Amino acid sequence: MSDDYTFFGVQIALRDFQKDDVRARLHALIREGSEAQALHEKRAFWKRLTAIVNEAAPAFERGHWDLIRGSKAEGEFETWTSEIEGALASEPEEMGAATDEVHRLSSERYYVLVTFLFLVVEGSNSDLTLGERCDIPEKAWRTRETFQRLVATPALLNFANVRADAVYLLPGNDSDGLSTFDLATADYAYLEPID
Amino acid sequence: VSDAAEFLLKFSADGDELVGARWWNYSVRVERHFPRRDLAKLALVGGGLATAALLYLALDDDDPDEAEIAEALALQQREGWDIGGGTTALNLVETSPVDVAGSTEWGRDVARLATLLEPRPLRLKPYYVSTLFQSTSQRTLREQLRPVHAASADVAHARAAALSELIAEGAANDVAVILDLPGEEAVAAAAAFSRHFWPVFGFGNWPHPRGVVDSHQTLAAALYYLPRFQETAAQLGPDRPPVFVLDAARLTPYADDPNQFDNRYLAKLPSAENLQALGVKRLFYVRAAGTEPVELDDLNDEFVAFEAAGLEVRFVSLGDLKTDERTADNRYYWGGSPYSHVLFWPSYRPYGTGFDGRPAPSTQPVRAFRSLDYRPVRRETQFSSRTVGGIAGVGKQKPSGFGLVSLRQDRSVGSVGASRRSGSFGRFTGSYSG
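Here the protein sequences line up with chains X and Z, keeping their order. So for the first sequence, our numbering puts the first residue at 216; every next one is plus one. So for the second sequence, our numbering puts the first residue at 92; every next one is plus one.
Spelled out as structure tokens, the structure:
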């Protein structure tokens, strides 16, 4: 594979997810994502998914996004996907009572992390779209409106130019969530408050 | 390009720790955008390209084939809406079996959309752009069309309903609104505004199976909301002000791609003089949540001219309409609470009068939104740099290649005319005699 790609990634911590059915709908949609998707199916998938996430815009609490062009794009995509998918490796050890205890003690607020990742052909129409959508003044990088705009972006892509895409919900259990304590650890230090 | 499965699942998880999926596209297209030397030349020859006349042009000497380069809309009107689309069907997303009234009888009015959505007041008819709705004159398009009810449109509708109530407070007959939102959301917001304002649609293209602009979604959303528009039109007074409805996707970023059909277009609005003749003194320009407080490029000249002519143009983001987290009523308030909601007018006209002529309340205006700081400022855009004639909106030219498609006779027998040129769009040979 050549180096000519653009990486686009968005991760958002949604708070109080248990108050509505947003998480359950996202879970169902991801689960229903077929093993093979045509271009029009791919676009429909993202259109539905991003619409659900943006419904929860008032619950956007912390977030991170990135647009990286050039030789580091592919590596960035692989880093993100391997780190998130690597969460599965420690599943048996981390699901014990101690973790639950931490959750209960740390906060009443629970969070779910939603992540979108894309690897797009650099210079393609989809790359142009990403460039236009991410052309945001630095002072507005962490506003709720910006994250809404970024979340809405995948539905605008021409997926013929998209090499790879990924979506994750973490944790996966619909009744489980990350605590404020969790988000305060160094593991999630890159997530910044959304204004 | 086939629409067969191209993304294959490479990872999936559905467990307590993680729910996720990752796909890989094994037939990704790697076309880059190329210099449009041919189309640039055409644009120079074609002047404004404001007419629908087709232009014929021999290609460069180094290209042995002849091509027809034409305005996308004119080509569709001549050859059919899906020209060159092959067997690709419209990709309608979030279809609904019923329209907004819950009826399954929506099919009976599809062919009459252009007539049914025309504003009734004579004064507004000249500014109605029925182009998109006229596409339903094409039988094969009608056969594919279904109502679309998008989840995002529901949010836009709710926000727009709250905003329209605010703007319509008082007489408000000297106000006009411009909704510049993604197609389906624009239609949904227009449906909300239609209780107080006359929708004047400005959708100036036709859908295409491989169109750059997803106009079919806009069209299908209009089909969904048609009963609402008819209901409100029957109740609305003829002197109510207009809401001009635009599709913000009309300028979707695009570079040459032989597999896409460039159905982008420019917005058309009344001139400052026309607006003043309609009694308009103030305009609210409404954009989607998350958009920067700036007008789209093709409106910069107009908005600057409006201000110069004494028309106020002010920006509102639908994102400024929020629910109040402290209440459970799910109502949208400007600023996110009932307290900020009542400060809408004082904030937009802190030292003036309300639109009903009464003095504005003396409360401190809200200055928290960047929307409030917006004023039209002339800036360099791909459109304004080409404006000629000295009058905004007159003689405006599209940039090179904008809204153009190139049809090429592939002299190989019976195949889609895959072009070696960028910006071309293939079609079957055999039915073409250029």
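Using N, Cα and C, we set each Cβ at its ideal position, and we do this for glycine too. Quick caveat, the model's predicted, so the values are computed rather than measured.
{"Asked": "Members of the segment 268-284 of chain X near chain Z, C-beta cut-off 8 angstroms", "Found": "269, 270, 272, 273"}
{"Asked": "Proximal chain Z residues relative to residue 344 (chain X), where beta-carbon distance stays under 8 angstroms", "Found": "343, 344"}
{"Asked": "Stretch pair the segment 255-269 of chain X + the segment 356-372 of chain X: three plus CB contacts closer than 8 angstroms", "Found": "yes"}
{"Asked": "Cβ neighbours of residue 104 (chain Z) in the same chain (closer than 7 angstroms, five flanking residues each side left out)", "Found": "110, 111"}
{"Asked": "Chain X contacts from the segment 412-442 of chain Z (Cβ-Cβ distance under 8 angstroms)", "Found": "413, 414, 416"}
{"Asked": "C-alpha distance - residue 362 (chain X) paired with residue 259 (chain Z), whole-angstrom precision", "Found": "30 angstroms"}
{"Asked": "Within-7 angstroms CB hit, residue 336 (chain Z) to chain X", "Found": "no"}
{"Asked": "Proximity test, Cβ basis, 7 angstroms: residue 319 (chain X) and chain Z", "Found": "Any reading at residue 319 (chain X) must be qualified, since the residue scores a pLDDT of 37, below 50, and its modelled position is unreliable; the value itself is stated next. By this cut-off, residue 319 (chain X) is not an interface position."}
{"Asked": "Proximity of residue 327 (chain Z) and residue 214 (chain Z) at Cβ, strictly below 7 angstroms", "Found": "no"}
{"Asked": "Proximal residues to residue 265 (chain X) (C-beta, below 7 angstroms), its chain only, five neighbours per side dropped", "Found": "366, 367, 369, 370"}
{"Asked": "Whole-Å CB distance - residue 337 (chain Z) paired with residue 270 (chain Z), under 8 angstroms assumed", "Found": "7 angstroms"}
{"Asked": "Stretch-stretch touch, CB-based, cutoff 8 angstroms, three pairs: the segment 281-293 of chain X with the segment 220-229 of chain X", "Found": "yes"}
{"Asked": "When X:280, X:375, X:273, X:282 are compared against residue 98 (chain Z), the one with the closest alpha-carbon", "Found": "X:375"}
{"Asked": "Residue 254 (chain X) (DSSP reduced to helix, strand or coil)", "Found": "helix"}
{"Asked": "Residue from Z:425, Z:467, Z:379 whose Cα sits closest to the Cα of residue 243 (chain Z)", "Found": "Z:379"}
{"Asked": "Three CB pairs or more closer than 8 angstroms across the segment 205-213 of chain Z and the segment 303-322 of chain Z", "Found": "yes"}
{"Asked": "Extent of the continuous alpha helix (DSSP H) to which residue 315 (chain Z) belongs", "Found": "306-326"}
{"Asked": "Distance, residue 349 (chain X) Cα to residue 226 (chain X) Cα", "Found": "15 angstroms"}
{"Asked": "Chain-ordered neighbours of residue 397 (chain X) on chain Z, where CB pairs are closer than 9 angstroms", "Found": "In chain order: nothing, as chain Z lies at least about 13 angstroms away."}
{"Asked": "Amino acids of chain X, ordered along the chain, whose beta-carbon sits closer than 7 angstroms to that of residue 241 (chain Z)", "Found": "266"}
{"Asked": "Proximal chain Z residues relative to residue 381 (chain X), where beta-carbon distance stays under 8 angstroms", "Found": "102, 111, 112, 113, 114"}
{"Asked": "Option in Z:227, Z:247, Z:297, Z:282 with minimal Cα separation from residue 167 (chain Z)", "Found": "Z:297"}
{"Asked": "Validate contact between the segment 336-343 of chain X and the segment 381-398 of chain X using beta carbons, cut 8 angstroms, 3 pairs", "Found": "no"}
{"Asked": "Neighbour list for residue 246 (chain Z) in chain X, Cβ cutoff strictly below 8 angstroms", "Found": "269, 270"}
{"Asked": "Range of the contiguous beta strand (DSSP E) that encloses residue 244 (chain Z)", "Found": "Run containing residue 244 (chain Z): none in the beta strand (DSSP E); it sits in the alpha helix (DSSP H), 242-258."}
{"Asked": "Integer-rounded CB distance, given that residue 227 (chain Z) should sit under 8 angstroms from residue 278 (chain Z)", "Found": "Not quite, the Cβ-Cβ distance comes to about 15 angstroms (not below 8 angstroms), so this is no contact."}
{"Asked": "Distance between residue 342 (chain Z) and residue 306 (chain Z) (C-alpha atoms, nearest Å)", "Found": "12 angstroms"}
{"Asked": "Residue 181 (chain Z) versus Z:255, Z:164, Z:304, residue with shortest Cα-Cα distance", "Found": "Z:304"}
{"Asked": "Neighbour flag for residue 182 (chain Z) against chain X, beta carbons, 7 angstroms", "Found": "yes"}
{"Asked": "Own chain residues within Cβ distance below 7 angstroms of residue 381 (chain Z), not counting five before or after", "Found": "410"}
{"Asked": "Residue 379 (chain X), enclosing alpha helix (DSSP H) - first and last residue", "Found": "Note, residue 379 (chain X): premise wrong, no alpha helix (DSSP H); beta strand (DSSP E) at 377-385."}
{"Asked": "Alpha-carbon spacing of residue 246 (chain Z) relative to residue 277 (chain X), whole angstroms", "Found": "22 angstroms"}
{"Asked": "Residue(s) in a DSSP beta bridge with residue 332 (chain X)", "Found": "X:224, X:381"}
{"Asked": "Contact set for residue 262 (chain X): own chain, Cβ-Cβ below 6 angstroms, skip 5 residues either direction", "Found": "370"}
{"Asked": "Positions along the segment 296-316 of chain Z whose CB lies within less than 7 angstroms of some CB in chain X", "Found": "none"}
{"Asked": "Through-space distance from residue 256 (chain Z) to residue 315 (chain Z), alpha-carbon basis", "Found": "22 angstroms"}
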